[in-house]
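Numbering (the numbering used here), first residue to last: -12 to 501. Glycine included, every Cβ here is placed at the ideal spot set by N, Cα and C. Contents: one structure, followed by commentary.
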Amino acid sequence: MLLSDYLISSAHNHPFKDAIITDCERINYFNLLLSVGKFASAIKKAGLSPGDRVIIYIENSIGYVISYFGVLMAGGVVVSQSTADKERHLKNIINHCEAIGIMTSGKNYHTAQNAASECPSVRFIFNDGMLGQKNVASGTENRTFMDIFFNETADFSTLSRQAEDLAQIIYTSGTTGNPKGVMLSHKNLCANTSSIIEYLGLTAEERVMSVLPFYYSYGNSLLLTHIACGGSIVIDNRFAYPQKVLSRMVGELVTGFAGVPSTFAILAHKAGLKNFNLDSLRYITQAGGPMSPALASELRGALPNTKIFIMYGQTEASARLSYLEPEKLSEKLGSIGKAIPGVTLKVKNEYGQEVKPGETGEIVATGDNIMMGYWRNDEDTRRVLKEDGLHTGDLATIDDDGYLFIVSRKSDMIKSGAHRVSPKEIEELIMEDERVHEVAVIGEPDEILGESIVAMVVPRPDAELTAKDILARCRKHLPSYKVPRRIEFRDSLVKTSSGKIKKVDLKRELTGAH
């Protein structure tokens, strides 16, 4: 089975049902499939061969969904990127995966074009704005979505792709801080999609509110599961104004909502969740971190008839590995539950042996949802994909009933809201300033985000350097979620005997000081 088969099936079964709903437009399954077929035709004509990579650089929208399934139906590989990413990062990703095309929105067109100008692999840029001229200098074909809608004939024939073939690359930062392309096949993503539909009990009656970005594995799974079951996806990109999101949920009779810990903290503490009539809301899902007892209590009080699913996973697992049943939330609070259908999870010690209840070990996962590997990165692939499965890098314990509890993460990645932030990327950028002697970027506890970013900077002797200087550099080259919340100047940074900065000690200082 291919991912595009989900859309074809839902369009056949529910042709005139709303598939995607935004604040200003909606599209049914029939017209969504027709548009996807036209995009697939345009992409093939632009020179796509089976397995070629195409960047999607669009915020959550109908255009994103059409682009996503259009690339897949054409036989290509989706590589979604955050529109918060700046030209520098986008260029690196394009070159790394050798993308042949970019799908972008009008407001991001110039960033995409500038990045593509230094990427010889790019042959076309399609955008939803009005800029459709051909770039004579580079020979890149530029077409608007409108041009494609009016002038293409739908082509629903997928170029020789099999379930085991690569469908999507999702870039994530690992322990080294370098972006790694997680390769997910149609089989990987279909297996994960089927499992989620099963344990959430999703049907064609679902109307899910999506505030999570589709380029993120959690948001990607939300898109696939609800297209697969024939439900409706309500898109709202205004979570900065959470009360407006809640009002839309009421108006659209939303049945499902997904978020990370900070999402629900904002709804409960800042948006007046309990003041909205959400009787239609059948379930909510949380991943990306544990739910605190206080927040769980608040959510149950505000949403007494809504099922709360706590979930755990990784991009390397197509999104999901485990879930905690709603009826176990009180009894097993803090647990990530048990493996999802089709997945086996074991907690192993450093010798590869399964630990006893109460002992700590690393979570190792097996299942059809486990990634193919990292794009052109055999070393890191071998490090995590071993004979016994995916080594997640997450340390956990298991109780007498078989429920898993995360203890810590092996890496020092910063989990800030819905994002996983690489300290190394920020450190390297700050070190480009010749006035900086050394820097350590770490996360400190934050009630809303989980962790906020702090940069500890040691200036060079006699250098005139301010926090404003550093923040200005970061804001110029990084998306807002990667910009440090705070700059802390120090005379030195504590190090090991081998000269490595002891980030654990620095984090301990922050935890004790704040």
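Nearest-angstrom beta carbon gap, Ile271 and Pro166 [assumed within contact, 8 Å]: As a working note, residue 166 is residue 179 in the sequence shown. As a working note, residue 271 is residue 284 in the sequence shown. So it is not a contact: roughly 31 Å between Cβ atoms.
For the alpha helix (DSSP H) containing Asp367, name the first residue and the last one. Counting from one through the sequence shown, the residue named residue 367 turns up at place 380. 365 to 371 is the extent of the alpha helix (DSSP H) around Asp367.
Compute the distance between the beta-carbons of Asp115 and Phe132, then report whether it is under 7 Å. To locate residue 115, count along the sequence shown from 1; it is residue 128. To locate residue 132, count along the sequence shown from 1; it is residue 145. Yes. Within cutoff.
Under the rule that 16 or more other beta-carbon atoms within 10 Å means buried, what is Cys11, buried or exposed? Here residue 11 refers to the residue found at position 24 of the sequence shown. With fewer than 16 other Cβ atoms within 10 Å, it is exposed.
Given a cut-off of 7 Å, decide if Leu(-11) and His213 are closer than it, judged by their beta-carbon atoms. Here the question's residue 213 lines up with position 226 in the sequence shown. Here the question's residue -11 lines up with position 2 in the sequence shown. For His213 and Leu(-11), no; Cβs fall outside 7 Å.
Over what stretch of residues does the alpha helix (DSSP H) that includes Lys411 continue unbroken? For the purposes of this step, residue 411 is identified with residue 424 of the sequence shown, where counting begins at 1. 410 to 418 is the extent of the alpha helix (DSSP H) around Lys411.
Taking only three categories from DSSP, how would you classify Ala276? Position 289 of the sequence shown, counting from 1, holds the residue named residue 276. Ala is not the amino acid found at residue 276; the sequence shown has Gly there. Note: Gly276 maps to coil in three-state DSSP.
Following the continuous alpha helix (DSSP H) through Pro291, name the residue where it begins and the one where it ends. Residue mapping note: residue 291 aligns to position 304 of the sequence shown, counting from 1. First-last for Pro291: undefined, no H or E at that position.
On the DSSP letters alone, give me the boundaries of the beta strand (DSSP E) that Arg40 sits inside. Against the sequence shown, residue 40 aligns to sequence position 53. That run of the beta strand (DSSP E) goes 40 to 44.
Minimum Cβ-Cβ distance from Gly329 to chain C less than 7 Å: Of the protein chains in this structure there is only one, and it is not chain C.
Cβ distance (whole Å) where Gly243 is taken to contact Arg269 below 8 Å: Counted from its first residue, the sequence shown places residue 243 at position 256. Counted from its first residue, the sequence shown places residue 269 at position 282. Going by Cβ atoms, the distance from Gly243 to Arg269 rounds to 6 Å, so yes, they are a contact pair.
Kindly list the residues whose CB is nearer than 7 Å to the CB of Pro200, restricted to its own chain and excluding five residues on each side of it in sequence; keep chain order. Indexing the sequence shown from 1 puts residue 200 at position 213. Closer than 7 Å at the Cβ level, and outside the excluded window around Pro200, lie Asn47, Ser69, Gly206.
Report all residues from its chain with a CB closer than 7 Å to the CB of Ser322; omit the five preceding and five following residues, and keep chain order. Taking the first residue of the sequence shown as position 1, residue 322 is located at position 335. Excluding positions up to five away in sequence, the list reads Leu311, Tyr390, Leu391, Phe392.
Is the CB-CB distance between Val330 and Gly360 below 7 Å? In the sequence shown, residue 330 corresponds to position 343, counting from 1. In the sequence shown, residue 360 corresponds to position 373, counting from 1. No, the pair does not count as a contact, with Cβ atoms beyond the cut-off.
Where Ser182 and Ile327 are concerned, what is the direct C-alpha to C-alpha distance, given to the nearest angstrom? Position 195 of the sequence shown holds residue 182. Position 340 of the sequence shown holds residue 327. Looking at the two C-alpha atoms, the distance is approximately 6 Å.
Thinking Glu74 and Asn101 are a contact (beta carbons under 8 Å), I'd like their distance in whole angstroms, please. On the sequence shown, residue 74 is found 87 positions in, with the first residue counted as 1. On the sequence shown, residue 101 is found 114 positions in, with the first residue counted as 1. Confirmed, Cβ separation roughly 5 Å.
Are the beta-carbon atoms belonging to Pro37 and Leu210 less than 7 Å from one another? For the purposes of this step, residue 37 is identified with residue 50 of the sequence shown, where counting begins at 1. For the purposes of this step, residue 210 is identified with residue 223 of the sequence shown, where counting begins at 1. No, these two residues do not count as a Cβ contact at 7 Å.
Return yes when the Cβ of Val470 is within less than 7 Å of the Cβ of Arg477, no when it is not. For the purposes of this step, residue 477 is taken as residue 490 along the sequence shown, with counting starting at 1. For the purposes of this step, residue 470 is taken as residue 483 along the sequence shown, with counting starting at 1. No, these two residues do not count as a Cβ contact at 7 Å.
Which residue wins for smallest C-alpha separation from Phe26, given the options Cys106, Ile112, Arg287? Mapped onto the sequence shown, residue 26 falls at position 39. Out of Cys106, Ile112, Arg287, Ile112 has the C-alpha closest to the C-alpha of Phe26.
Give me the Cα-Cα distance between Ser219 and Leu240, rounded to the nearest whole angstrom. Along the sequence shown, one-based indexing puts residue 219 at 232. Along the sequence shown, one-based indexing puts residue 240 at 253. Looking at the two C-alpha atoms, the distance is approximately 11 Å.
Taking DSSP as the reference, what is the three-state secondary structure of Tyr468? What you label residue 468 is simply residue 481 of the sequence shown in a count that begins at 1. The answer is helix: DSSP assigns Tyr468 an H, G or I state.
Beta-carbon within less than 7 Å of Ala191's beta-carbon, same chain only, minus the 5 sequence neighbours each way: which residues are those? Taking the first residue of the sequence shown as position 1, residue 191 is located at position 204. Answer for Ala191: His1, Cys216, Gly217, Gly218, listed in chain order.
If you check the beta carbons only, do Ile440 and Arg460 fall under 7 Å apart? Your numbering for residue 440 matches position 453 in the sequence shown. Your numbering for residue 460 matches position 473 in the sequence shown. Taking 7 Å as the Cβ cut-off, Ile440 and Arg460 do not qualify as a contacting pair.
Nearest-angstrom Cα distance between Gly288 and Ile253? As a first step, residue 288 is located in the sequence shown; it is residue number 301 there, counting from the start. As a first step, residue 253 is located in the sequence shown; it is residue number 266 there, counting from the start. Looking at the two C-alpha atoms, the distance is approximately 15 Å.
Going along the chain, which residues of its own chain have a beta-carbon closer than 6 Å to the beta-carbon of Val52, five neighbours each way excluded? Numbered from 1 along the sequence shown, position 65 holds the residue referred to as residue 52. Closer than 6 Å at the Cβ level, and outside the excluded window around Val52, lie Ile7.
Quick check on DSSP: helix, strand or coil for Gly93? Walking along the sequence shown from the start, residue 93 turns up at place 106. In the structure shown, Gly93 sits in a helix (DSSP, three-state: H, G or I).
Please report the distance separating the alpha-carbon of Val123 from that of Gly376. On the sequence shown, position 136 is the one that residue 123 refers to. On the sequence shown, position 389 is the one that residue 376 refers to. Any reading at Val123 must be qualified, since the residue scores a pLDDT of 40, below 50, and its modelled position is unreliable; the value itself is stated next. Going by the C-alpha atoms only, they are around 49 Å apart.
What are the complete beta strand (DSSP E) segments, minimum 3 residues, inside the segment 47 to 105? 64 to 67, 88 to 91
Check for me: the beta strand (DSSP E) holding Leu382 runs from which residue to which? Locating residue 382 in the sequence shown gives position 395, where the first residue counts as 1. 376 to 385 is the span of the beta strand (DSSP E), which, as asked, contains Leu382.
Inter-residue spacing [alpha-carbon to alpha-carbon] between Trp362 and Leu153: For the purposes of this step, residue 362 is taken as residue 375 along the sequence shown, with counting starting at 1. For the purposes of this step, residue 153 is taken as residue 166 along the sequence shown, with counting starting at 1. Taking the straight line joining both Cα atoms gives about 10 Å.
Got a sec? Which residues, its chain only, sit under 6 Å from Lys31 by beta carbon, not counting five neighbours each side? The residue given as residue 31 occupies position 44 in the sequence shown. Closer than 6 Å at Cβ, skipping near neighbours: Ala61.
Short check: CB of Thr453 to CB of Thr302, under 7 Å? The sequence position of residue 453 within the sequence shown is 466, counting from 1. The sequence position of residue 302 within the sequence shown is 315, counting from 1. In this structure, Thr302 does not lie closer than 7 Å to Thr453 by Cβ.
Which complete beta strand (DSSP E) runs does the segment 157 to 204 hold, if anything under 3 residues is left out? 166 to 172, 194 to 197
When we look at the beta-carbon of Asn129 and count the other beta-carbons within 10 Å, is it buried (16 or more) or exposed? In the sequence shown, the residue the question calls residue 129 occupies position 142. That one is buried.
Considering Thr331, what are the terminal residues of the alpha helix (DSSP H) in which it resides? Position 344 of the sequence shown, counted from the first residue, corresponds to residue 331. Thr331 -> not in any alpha helix (DSSP H); beta strand (DSSP E) instead, spanning 330 to 335.
With a cut-off of 8 Å on the beta carbons, I'd call Gly168 and His83 a contact; round off their distance for me. Translated into the one-based positions of the sequence shown, residue 168 becomes position 181. Translated into the one-based positions of the sequence shown, residue 83 becomes position 96. Contact flag correct, Cβ pair sits at about 7 Å.
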